[in-house]
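Colleague: Encoded as structure tokens, here's the structure I'll be asking about.
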Amino acid sequence: MLCKLTSFSFSKMAASPAISMYRLPPYYETTSVPLPKCMYTLPSYVQTSSEMVEPRSPQSPPSLNSLEARQENILCELNGLRAEVEEMASHIGVSLPQPRVKAIPSTQDFVLSASPADPPLIICTLQHIMKQKKYPHSTASHVHSSVQGPIPEFVKTHFRNFTSFAEEIGRASVILTIVWKKEKGLPYLVASPCSHTPLTGEITIARFLCRVLLPDLYGNLSPEESASVDSWIDQSLAGSKARTAAIKSLEAKLGKQQWILGSKMSLADVVLACCIVKENGVKSVSSNVSKWLKRIPGLITC
């Protein structure tokens with residue numbers, strides 16, 4: 448009997464609907480809630496045809512209108528006179544003078560940054576050669592704030608031509624400026640102010656300047672002469688032993704000719720001479736080498 452009641456009670460509970468323990472009221476009504484289609488809405492900046500309104504042009508005063516009309520009449524009269532003069536000149540056979548166009552010369556500005564403790568003597572010598580050849584150029588010298596104290600006197604003596612002249616800088620087609628600095632990676636030359644691509648190393652700068660400004664020293668040489676010049680430059684910079692051997696070979700050459708290549712000066716003469724002056728000085732060389740050093744412009748200052 449108990450089993451029948453239990454089965455009956457369970458079947459009756461299963462048939463009855465479920466009743467929740469807690470009943471909560473709804474938070475919104477049955478009406479539909481509009482949901483946004485985007486996270487942020489911004490007003491449209493494009494005006495429709497209905498929103499576009501033509502701007503009203505302010506009315507010019509009568510005096511300005513009369514002045515504009517007078518200007519147009521004067522221009523028309525001038526054009527008529529010009530046509531009559533041209534027709535008369537063509538009838539007579541006279542050529543009219545053409546209007547002068549002021550030519551603006553292109554200026555090459557080379558800015559060299561160097562240290563006063565190790566001045567670029569090769570570049571200074573090339574500038575003296577430019578002056579001797581009467582190459583139109585201008586020079587300037589500036590001291591950076593990183594340099595403490597005055598510039599040494601021997602640097603001033605060698606670079607005495609690098610004096611700023613504002614009126615010459617305005618007319619010169621080439622401006623060579625040296626800036627004395629105290630930083631790493633000196634010397635370097637900024638050849639193009641737009642690209643700011645520096646040329647590092649005194650020999651690299653000297654080769655570049657000779658190609659651009661003094662092609663007779665390096666740029667216009669034959670392949671054999673260029674190879675010989677590069678070989679002498681490498682010996683000059685290789686070390687004291689290689690430089691001593693180069694000086695001995697130079698003494699043998701100077702007994703028969705004036706320059707390393709024979710009858711013309713080259714960049715090899717400038718580089719080797721500057722290395723001799725920097726390291727050995729003038730007093731410790733032979734008479735032929737001493738005469739050769741004196742033939743290089745601006746190298747021997749005393």
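The numbers in the numbering used here rise by one with no breaks, and the one at position 228 of the sequence shown is 675. Beta carbons are placed, not taken as given, at the ideal position from N, Cα and C, and that holds for glycine. Quick caveat: nothing in here was measured; it's all calculated off a predicted structure.
Our contact map puts Leu633 next to Ser562 with C-beta atoms below 8 Å; I'd like the distance itself, whole angstroms only.
Modeller: Locating residue 633 in the sequence shown gives position 186, counting from the first residue. Locating residue 562 in the sequence shown gives position 115, counting from the first residue. Correct: roughly 5 Å between the Cβ atoms.
Colleague: I need the DSSP call for His589, collapsed to helix, strand or coil.
Modeller: On the sequence shown, residue 589 is found 142 positions in, with the first residue counted as 1. Three-state result, His589: strand.
Colleague: Quick check: is the beta carbon of Thr488 nearer than 8 Å to any beta carbon in chain D?
Modeller: No chain D appears in the structure shown, which is made up of a single protein chain.
Colleague: Taking the alpha-carbon positions, what's the Asn735 to Ala720 distance?
Modeller: Indexing the sequence shown from 1 puts residue 735 at position 288. Indexing the sequence shown from 1 puts residue 720 at position 273. Taking the straight line from one Cα to the other gives about 13 Å.
Colleague: Nearest-angstrom Cα distance between Pro768 and Glu671?
Modeller: An answer regarding residue 768 cannot be provided, because it is not within the stretch 448 to 749 covered by the chain.
Colleague: Does the distance from the CB of Val717 to the CB of Ile569 come in under 8 Å?
Modeller: As a working note, residue 717 is residue 270 in the sequence shown. As a working note, residue 569 is residue 122 in the sequence shown. Yes, the Cβ-Cβ distance between Val717 and Ile569 is below 8 Å.
Colleague: Are the Cβ atoms of Ala778 and Ser683 separated by less than 8 Å?
Modeller: No information on residue 778 is available, as it lies outside the stretch 448 to 749 that the chain covers here.
Colleague: Below 8 Å on the Cβ atoms is my contact criterion, and I expect Ala715 with Ile707 to pass it. Report the Cβ-Cβ distance as a whole number of Å.
Modeller: As a first step, residue 715 must be located in the sequence shown, where it is residue number 268. As a first step, residue 707 must be located in the sequence shown, where it is residue number 260. Sure, about 5 Å apart at Cβ, within 8 Å.
Colleague: Take the Cβ of Met468 as the centre, count every other Cβ of all protein chains shown within 10 Å, and call the residue buried at 16 or more, exposed below.
Modeller: The residue you call residue 468 lines up with position 21 of the sequence shown. The residue in question, Met468, is exposed, as its Cβ has fewer than 16 Cβ neighbours within 10 Å.
Colleague: Which of the three DSSP states is assigned to Leu543 in this structure?
Modeller: Counting from 1 along the sequence shown, the entry for residue 543 is found at position 96. Correct three-state label for Leu543: coil.
Colleague: Quick check on Leu452: does DSSP put it in helix, strand or coil?
Modeller: Residue numbering aside, residue 452 sits at position 5 when the sequence shown is read from its first letter. Because Leu452 carries a pLDDT of 45, less than 50, the predicted location of this residue cannot be relied on, and the following value inherits that uncertainty. Correct three-state label for Leu452: helix.
Colleague: What is the DSSP secondary structure of Gln595, counted as helix, strand or coil?
Modeller: By one-based count along the sequence shown, residue 595 stands at place 148. Reduced to three states, the DSSP call for Gln595 is coil.
Colleague: Excluding the 5 residues preceding and the 5 following Ser731 in the sequence, name in chain order all residues of the same chain whose CB lies nearer than 8 Å to its CB.
Modeller: Numbered from 1 along the sequence shown, position 284 holds the residue referred to as residue 731. Excluding sequence neighbours, Ser731 sits near nothing in its chain.
Colleague: I believe Leu636 touches Ile652 by the beta-carbon criterion, under 8 Å. Please report the beta-carbon distance rounded to the nearest angstrom.
Modeller: Locating residue 636 in the sequence shown gives position 189, where the first residue counts as 1. Locating residue 652 in the sequence shown gives position 205, where the first residue counts as 1. That pair is a contact at about 5 Å.
Colleague: Are the beta-carbon atoms belonging to His390 and Ala619 less than 8 Å from one another?
Modeller: Beyond the ends of the chain as shown, which are 448 and 749, falls residue 390; an answer cannot be given.
Colleague: Can you grab the Cα-Cα spacing for the pair Thr453 / Leu482, in whole Å?
Modeller: Along the sequence shown, one-based indexing puts residue 453 at 6. Along the sequence shown, one-based indexing puts residue 482 at 35. Residue placement at Thr453 is poorly supported in this model, since its pLDDT is 48, which falls under 50; the coordinates still yield a value, given next. Between Thr453 and Leu482, the C-alpha separation is close to 52 Å.
Colleague: Would Arg742 be called buried (16 or more neighbouring beta carbons within 10 Å of its own) or exposed?
Modeller: As a working note, residue 742 is residue 295 in the sequence shown. Exposed is the call here.
Colleague: Taking its Cβ as the centre, do 16 or more other Cβ atoms sit within 10 Å of Leu572, making it buried, or is it exposed?
Modeller: The residue you call residue 572 lines up with position 125 of the sequence shown. Sequence check: residue 572 is Thr here, not Leu. Per the 10 Å Cβ criterion, buried.
Colleague: Which of the three DSSP states is assigned to Gln705 in this structure?
Modeller: For the purposes of this step, residue 705 is taken as the residue at position 258 of the sequence shown. Residue state, collapsed to three classes: coil.
Colleague: Kindly give me the distance between the Cβ atoms of Leu543 and Glu534, rounded to whole angstroms, as I take these residues to be in contact under 8 Å.
Modeller: Counting from 1 along the sequence shown, the entry for residue 543 is found at position 96. Counting from 1 along the sequence shown, the entry for residue 534 is found at position 87. Between Glu534 and Leu543 the Cβ distance is about 11 Å, and since that is not below 8 Å, they are no contact.
Colleague: Out of Arg470, Ser733, Arg654, which one is the CA nearest neighbour of Asp677?
Modeller: Taking the sequence shown and counting its residues from 1, one reaches residue 677 at position 230. When each option's Cα is compared against that of Asp677, the closest is Arg654.
Colleague: Going by CA-CA distance only, name the one from Cys657, Val590, Leu525 that's closest to Tyr582.
Modeller: Mapped onto the sequence shown, residue 582 falls at position 135. Of the candidates Cys657, Val590, Leu525, the one whose C-alpha sits nearest the C-alpha of Tyr582 is Cys657.
Colleague: Going by C-alpha to C-alpha distance, which of Ile521, Lys484, Cys485, Val558 sits closest to Cys641?
Modeller: The residue labelled residue 641 in the question sits at position 194 within the sequence shown. Nearest of Ile521, Lys484, Cys485, Val558 to Cys641, Cα basis: Val558.
Colleague: To which residues does DSSP link Thr659 through a beta bridge?
Modeller: Here residue 659 corresponds to residue number 212 of the sequence shown, with the count starting at 1. In the sequence as presented, Thr is not what sits at residue 659; that position holds Val. Partner(s): none; Val659 has no beta bridge.
Colleague: Which same chain residues, not among the five before or five after Asp556, have their C-beta less than 6 Å away from its C-beta?
Modeller: Position 109 of the sequence shown, counted from the first residue, corresponds to residue 556. Cβ within range, chain order: Ile622.
Colleague: Rounded to whole angstroms, how far is the Cβ of Asn608 from the Cβ of His643, which I believe are closer than 8 Å?
Modeller: Taking the first residue of the sequence shown as position 1, residue 608 is located at position 161. Taking the first residue of the sequence shown as position 1, residue 643 is located at position 196. With 8 Å as the limit, Asn608 and His643 do not qualify as a contact, their Cβ atoms being about 26 Å apart.
Colleague: Per the DSSP calculation, Thr827 is bridged to which residue(s)?
Modeller: Shown here, the chain extends from 448 to 749; a query on residue 827 therefore has no answer.
Colleague: Taking all protein chains shown into account, decide if Tyr665 is buried (16 or more other Cβ within 10 angstroms of its Cβ) or exposed.
Modeller: Working through the sequence shown from its first residue, we reach residue 665 at position 218. Looking at its Cβ environment, which holds 16 or more other Cβ atoms inside 10 Å, Tyr665 is buried.
Colleague: Distance check for Pro546 and Leu668, CA to CA, integer angstroms please.
Modeller: The count along the sequence shown starts at 1 and reaches residue 668 at position 221. The count along the sequence shown starts at 1 and reaches residue 546 at position 99. Cα to Cα, the separation comes out at about 43 Å.
Colleague: From Leu646 to Ala638, what distance separates their C-alpha atoms?
Modeller: For this step, residue 646 is matched to residue 199 along the sequence shown. For this step, residue 638 is matched to residue 191 along the sequence shown. Rounded to whole angstroms, Leu646 to Ala638 spans 7 Å at the Cα level.
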